Amino acid sequence: DTGVSQNPRHKITKRGQNVTFRCDPISEHNRLYWYRQTLGQGPEFLTYFQNEAQLEKSRLLSDRFSAERPKGSFSTLEIQRTEQGDSAMYLCASSLGPRNTGELFFGEGSRLTVL
Amino acid sequence: SQQGEEDPQALSIQEGENATMNCSYKTSINNLQWYRQNSGRGLVHLILIRSNEREKHSGRLRVTLDTSKKSSSLLITASRAADTASYFCATDAGDGTASKLTFGTGTRLQVTL
């Protein structure tokens with residue numbers, strides 16, 4: 008399967024614990040995006056990378072959130088000291104970039120439940 | 006923040022009928038895209054329309070764009086039960102940075118037999 012891959016698909020954790028999600032984009036895609044989606048809402052932008060450079064971060068991305076894309080390939084999103092309000096679906100997407108904002112290819116998402 | 010607002014929030018139709026969803030947005034754009042999401046799954050790109058285009062077709066999909074009204078519509082003709090999903094419009098920044106897409110709140114479509 009050459010699509011966007013996300014792991015784990017589901018994560019249940021207790022408040023205060025740290026969690027990490029991984030995203031493997033389509034191999035030739037330069038851009039990688041993280042979005043968060045809560046129930047009944049559209050995806051909300053968190054951050055994006057052009058190769059290994061993190062070019063933009065949303066105000067939604069508090070200092071408890073950190074994202075990396077060390078070699079311009081896979082990316083990780085870590086949430087420290089999780090809170091119940093962090094419960095959501097975390098979606099990763101990739102695209103060719105950079106000339107225009109074209110089609111995004113999404114993974115199946117990582118659903119986080121914070122108890 | 007959500008750039009677009011879809012209307013209606015929910016739509017229930019019978020198989021074979023047409024479904025129309027509308028999207029309004031706030032700022033200038035380079036393009037507008039529509040995505041589909043089955044429950045609990047990722048989003049799938051359906052169609053992209055550029056700011057200098059007024060109408061675009063893809064199979065049973067027809068998208069219109071009115072930049073003067075900052076609105077778009079998605080028409081699904083001859084709907085099928087398999088079209089049951091949430092549909093989102095998404096816009097880019099329109100400021101030349103070619104950065105991220107901003108999604109609307111979505112329309113939940115239910116197609117019954």
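In the order they appear, the protein sequences are chains A and B. Each residue of the first sequence is one higher than the last, beginning at 8 in my numbering. Each residue of the second sequence is one higher than the last, beginning at 6 in my numbering. The beta carbon of each residue, even a glycine, is placed where N, CA and C say it ideally should be. Keep in mind that this is a model prediction, so the values were computed, not measured.
Supposed contact pair residue j and residue i - C-beta distance, whole angstroms, cut 8 Å
i, j, result
"B/S91", "B/Q42", "5 Å"
"A/L46", "A/C99", "Between A/C99 and A/L46 the Cβ distance is about 19 Å, and since that is not below 8 Å, they are no contact."
"B/Q38", "B/L106", "7 Å"
"A/S73", "A/E85", "5 Å"
"A/E35", "B/L53", "Actually they are not in contact, since the Cβ atoms of A/E35 and B/L53 sit about 19 Å apart, beyond 8 Å."
"A/Q57", "A/P50", "Actually they are not in contact, since the Cβ atoms of A/Q57 and A/P50 sit about 19 Å apart, beyond 8 Å."
Secondary structure of residue i, DSSP reduced to three states
i, result
"A/D70", "coil"
"A/Q24", "coil"
"B/A86", "helix"
"A/Q57", "strand"
"A/Q48", "coil"
"B/Q115", "strand"
"B/Q38", "strand"
"A/K78", "coil"
"B/Q19", "strand"
"A/Q91", "helix"
Chain A contact for residue i (CB, 9 Å cutoff)
i, result
"B/H4", "Since the displayed chain B opens at 6 and closes at 118, residue 4 of chain B lies outside it and no answer follows."
"B/K31", "no"
"B/N36", "yes"
"B/T110", "yes"
"B/G9", "yes"
"B/S6", "Residue confidence for B/S6 is low, a pLDDT of 49 falling below 50, so the modelled location carries little weight; the figure read from the coordinates is stated next. So, interface residue."
"B/L70", "no"
"B/T89", "no"
"B/L106", "yes"
"B/Q19", "no"
Counted within 10 angstroms of its Cβ, other Cβ atoms place residue i as buried (16 or more) or exposed
i, result
"B/N2", "Because chain B in this structure spans residues 6 to 118, residue 2 of chain B falls outside the shown range and cannot be described."
"B/E11", "buried"
"A/G116", "buried"
"B/G47", "buried"
"A/D93", "buried"
"A/S82", "buried"
"A/P15", "exposed"
Test: residue i CB closer than 9 Å to a CB of chain B
i, result
"A/R118", "yes"
"A/A100", "yes"
"A/V11", "yes"
"A/L39", "no"
"A/L122", "no"
"A/F52", "yes"
Any chain C beta carbon closer than 9 Å to residue i
i, result
"A/G114", "The structure shown contains no chain C; its protein chains are A and B."
Using Cβ-Cβ distances below 8 Å, what residues of the segment 42-68 of chain B are close to chain A?
-> For the segment 42-68 of chain B, the residues whose beta carbon sits under 8 Å from a beta carbon of chain A are, in order, G45, R46, G47, L48, V49, H50 and L53.
Can you give me, in chain order, the residues of the segment 64-94 of chain A that have a beta carbon less than 7 Å from any beta carbon in chain B?
-> none
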